[in-house]
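For reference, the structure discussed in these notes is given below.
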Amino acid sequence: MSYKLAVVARSDLGLSAGKLAAQVGHAVHDAVTGASKKTLEAWEEDGSMIIVLQVDSEQALAQLEKAAQKKGVKSHDCRDEGLTEVEDDTWTALAVGPELSSKVDAVTGKLELYRDDSALYEELKALRARAEAAE
3 MSYKLAVVAR SDLGLSAGKL AAQVGHAVHD AVTGASKKTL EAWEEDGSMI
53 IVLQVDSEQA LAQLEKAAQK KGVKSHDCRD EGLTEVEDDT WTALAVGPEL
103 SSKVDAVTGK LELYRDDSAL YEELKALRAR AEAAE
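According to the working numbering, the sequence shown is numbered sequentially starting from 3.
Here's what the structure looks like:
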């Protein structure tokens, strides 16, 4: 049986890479400290898989939280203190798990991996496409 922890972050906030990393870190911390000893040990023995997914709104996070509750999967919300980039109490991320991968997937399975939509990311994609076309 495989275990994982999914962190779902809001892409609509336009967080800097550092701020996003901090929010994901807070979400992971909350999920790990809130997990049962048995689940935590199983997740660690299985490699401590963490994936970062994206949604585009607070409403989408709320829907995922409700879905997790309905399916009996632990989730932990991450809200920012508003000291730097966003307003106080902005819901930035939701951790789902750690739990059996199948249970996490039942909640998050249709979401996309978090991607940086910055101009640099788009430029890198274009460069890769040109390089592949030249081969």
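Built from N, CA and C at the ideal position, the CB exists for glycine as well. Bear in mind that the values here come from a model prediction, so they are computed numbers and not experimental data.
Alpha carbons only, please: which of the options is nearest the one belonging to residue i?
i	options	result
Asp79	Gly36, Trp45, Thr86, Ala44	Gly36
In or out: residue i buried (at least 16 other Cβ within 10 Å) or exposed?
i	result
Ala19	exposed
Ser104	exposed
Ala70	buried
Arg12	buried
Ser1	Because the chain here runs from 3 to 137, residue 1 falls outside it and cannot be looked at.
So, for residue i: in the same chain, excluding its five sequence neighbours on each side, which residues have a beta-carbon less than 6 Å away from its beta-carbon?
i	result
Ala108	Lys73
Could you give the residue range of the alpha helix (DSSP H) that holds residue i?
i	result
Ala24	19 to 36
Does at least one heavy atom of the ligand NAP sit under 8 Å from the Cβ of residue i?
i	result
Glu114	As for the ligand NAP, it is missing from this structure, which has no ligand bound.
Could you tell me the boundaries of the beta strand (DSSP E) in which residue i lies?
i	result
Glu101	93 to 102
Leu55	52 to 57
Spell out a yes or no on whether the stretch 21 to 38 and the stretch 87 to 106 are touching, meaning 3 or more CB-CB pairs, one atom from each, closer than 8 Å. yes
Counting pairs of Cβ atoms below 8 Å between the stretch 35 to 53 and the stretch 85 to 93, do you hit three or more? no
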